[in-house]
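Add 203 to the 1-based position in the sequence shown for the numbering used here, that's all there is to it.
From the three backbone atoms N, C-alpha and C, an ideal C-beta is built for every residue, glycine too.
These figures come from a predicted structure and were not determined experimentally.
Note sheet for the following structure.
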Amino acid sequence: MNILFVAPYTPSPIRVRPYQFIRHLARRGHTITLVCVADNEAALAELRTICRRVVAVPTRTGDHVLAYIRALPTRLPLQAAHCLTPAMITAVTREIQSGDHDVIHIEHLRAAEIGLAALHQSGGGLPVVLDAVDSISLLFERTFRRSSSLSGRLRALIDLARTRHYEATYPHRFAAVVVTSPEDRWALMTLNQTLSHPGHNPLVVAPNGVDLEYFQPHTGPRHPASLVFTGKMSYHANEAAARYLVEAIMPRVWAVRPEVTVTLAGAEPGAHIRAYAHDPRITVTGAVPDLRPYLTQATIAVAPIRYGVGVQNKVLEAMATATPVITARQATVALSVQPGHDLIVADDAAEFAQAILNLLADPERRDRLGQAGRMYVERHHHWQQSVTCLESVYRAVTTPVYTH
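Following this line, the structure appears as structure tokens:
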């Protein structure tokens, strides 16, 4: 199948979902043309070896600002306007007009309007599948309710109503919509039924996977009494989790075990997070080329997520390396895990700290949790399973329906 894949960023090991979709679809013999924002030259070089063609569109900060300004007087979500630039629309329109494609894959709300605008300009005719990934309005709702950042809550509030109304129209505007979890599917279905005329096009769950060949179990020695939290630190939910870990959980741990260390591993930490590195017990890495050493050398991986939606890749990747995981309940909503067997769930700072102390003192339980976590992701989160689901969606929307 010839697939036109449109993304609002460069798919990469950091933007893991579209990256793995493209890799696995290409391995299965599909021909992929990628149109994306140019923001990662190293990843683009790899993608050019995988795709038939890569059209990387440069954008500047000013382009995003202008797109936001144009969207403000309308009902268009600011997220959907993020990279809604003439250059992106033109690039996608040219590809549609080439006639070389069987289906259009739109990645994320941020690219949704680009694909629809290009399809309109080209006269339509191709089925469009939206990988919404998550329900962004559900994320905004939780951000507004739970974020400790006033600016983050304000941004969420500004876009919440717009995003709800936009997401409610998905089943009318796209041939099919794909999400990462049943919770996100439920959220989008509820919006469609309450804020729009119920649509009949499918909403399908294709869970995030983990690269099980890349993230392998580790059997060597680990640093004693060490914790790791991974994620892009400029993402507001990750920053909130890191602050919660350092400021609310760790003082309780250090009161009993002052030697415990914490590593915050991930790109783009803000000034508040970077300042934690003044404490010799805390390491703030910034961007790293490979997360695996940080996962495999840690005693425990922690994910004290305060709010979020979808599948938390940080949890899956830690489990894949057989690193025992302690996480907030929010991070397990989209998973089929058995708490206490596959990982440990903690609901507040005191419970989280006690879980850390208990697990640090119990190496046999750490081993059992690590092995169970690896077995869980092998059963439920292989990328091949998700891509098989995606292929079935493509086939469904491209198969002619005959009526008599």
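query	result
Between which two residues does the beta strand (DSSP E) containing I307 stretch?	306 to 310
Exposed or buried, what is E581 when buried is set at 16 or more other beta-carbons lying within 10 Å of its beta-carbon?	exposed
Helix, strand or coil for V600? Go by DSSP, reduced to three states.	helix
At what residues does the beta strand (DSSP E) containing T538 begin and finish?	Note that residue 538 corresponds to Leu in the displayed sequence, not to Thr. Looking at the DSSP string, L538 is not in any beta strand (DSSP E), and its letter there is neither H nor E.
Once the 5 residues before and after R365 are set aside, which same chain residues still bring their CB inside 6 Å of it?	R278, P280
Which same chain residues end up closer than 8 Å to A478 when comparing Cβ atoms and leaving out the 5 residues on each side of it in sequence?	none
Keeping to the same chain, check which residues put their C-beta closer than 7 Å to that of A294; ignore five residues upstream and five downstream.	V238, V258, V260
I'd like to know whether the C-beta atoms of G434 and G402 end up nearer to each other than 9 Å.	no
Which residue comes first and which comes last in the alpha helix (DSSP H) that contains V580?	566 to 583
Measure the C-alpha to C-alpha separation of V219 and L353 and round it to an integer number of angstroms.	29 Å
Is DSSP giving T296 helix, strand or coil here?	helix
Is it buried or exposed, S351, if we count other Cβ atoms within 10 angstroms and call 16 or more buried?	exposed
Kindly list the residues whose CB is nearer than 6 Å to the CB of Q223, restricted to its own chain and excluding five residues on each side of it in sequence; keep chain order.	W586
Confirm, please, whether the CB-CB distance from V380 to N404 is below 9 Å.	yes
Do you know offhand how far H542's Cα is from A335's?	According to the sequence as given, residue 542 is Pro; it is not His. For P542 and A335, the distance between alpha carbons rounds to 28 Å.
Taking 7 Å as the limit between beta carbons, can you name the residues of its chain near Y605, skipping five residues before and five after?	The predicted position of Y605 is uncertain, since its pLDDT is 47 and thus under 50; a value taken from the coordinates is nonetheless stated next. Here the set comprises nothing.
Based on Cα-Cα distance, which residue from L494, A444, L467, L560 lies nearest to R532?	A444
So, using beta-carbon positions, are R509 and Y417 closer together than 9 Å?	no
Under 6 Å Cβ to Cβ from T296, same chain only, skipping five residues before and after it: list those, please.	A321, Q324, S325
Quick one, which of E244, L593, D242, G232 has its alpha-carbon nearest C254's?	G232
Could you check how far apart the C-beta atoms of A501 and T466 are, in whole angstroms? I think they sit under 8 Å.	7 Å
Tell me which residue opens and which closes the alpha helix (DSSP H) that N404 is part of.	First-last for N404: undefined, no H or E at that position.
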